[in-house]
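Okay, so here's the structure we're looking at.
Given below as structure tokens:
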């Protein structure tokens, strides 16, 4: 299914995609969405147990590089006895825990957003174009659409539930909000709550999950949103809509240049009834990376 195609919209060499919607005027206007001043962290912990994982990505590993047993080594730097420092090494896949997909993440017909060829992704050097470092950081108006509440579900939608464009519009209407150009739209499915309820020992995620289908992705692209996020692993429904592998990723990332934010903890703002605000996102500037861990801040 074809989505709105933004190739060439911001120039033949553009590498930022829908972030181009976020002009200074749009960002200043977004501040009006802050009404309570309450701040929420939407990121989930980075740890080896008790967080969602996919087998092939493995679990994050935090290793101690220096601790109190090594304080003698700091003497060469002039440290007095009993004075030292603790340091870590973090090893993890870029698309685990809460993370942001770069526009280089997915390709279709061997092309990425704006026609960037498949060959621009290299095994050693990473992405020559469209890497996560091109995002820098951004802030935008954000709208959370609570589909769990809309559907009258207890805590989560059944795995495999496809969220349609009509559901997104109905949730916005029920919450008294609207989706505008430049927005970041966050969709609550309850997937994280379901995972935590049944997999606290850190077992691999089941691949089935509720999420948006191609109809909803097309609706979001027509709205000219900047990014789409969710509390699930892929934003989109799995099994994939129409059995088309990564169809929503292709429509949003590849065709429209719209970013995707995954594994966000949306429960608390939804429980508080705070659905509008400003989101601030700063991915790590890992040159050539296909994505990055994030801890987005949502201010309602």
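Numbering (my numbering), first residue to last: 1 to 300. Think of the CB as a built atom: it goes at the ideal place given N, C-alpha and C, for glycine as much as any other residue. This structure is a prediction, so every number in the text was calculated from the model and none was measured.
Between the Cα of residue 21 and those of 247, 195, 221, spot the shortest distance and give me the residue it belongs to. 221
What whole-angstrom Cβ distance do residue 237 and residue 209 have, given they're in contact under 8 Å? 7 Å
Distance between residue 211 and residue 245 (C-alpha atoms, nearest Å): 14 Å
Give me the Cα-Cα distance between residue 287 and residue 154, rounded to the nearest whole angstrom. 42 Å
Report buried or exposed for residue 35, applying the criterion of at least 16 other Cβ atoms within 10 angstroms of its Cβ. exposed
How big is the Cα-Cα spacing for residue 144 and residue 46? 23 Å
Per DSSP, what kind of secondary structure is residue 117 in: helix, strand or coil? strand
Give me, in chain order, the residues of the same chain whose beta-carbon lies closer than 6 Å to that of residue 216; leave out the 5 immediate sequence neighbours on both sides. 163, 164, 165, 168
Within the same chain, show all residues whose beta-carbon is closer than 6 Å to that of residue 282, passing over the 5 residues directly before and after it, in chain order. 137
Would you identify the three-state DSSP class for residue 63, choosing helix, strand or coil? strand
Alpha-carbon to alpha-carbon, residue 294 and residue 44: 9 Å
Once you ignore the five residues that flank residue 170 on each side, which residues in its own chain have a CB closer than 8 Å to its CB? 150
With a floor of 4 residues, list each alpha helix (DSSP H) that falls wholly inside the stretch 113–161, ordered by position along the chain. 147–150
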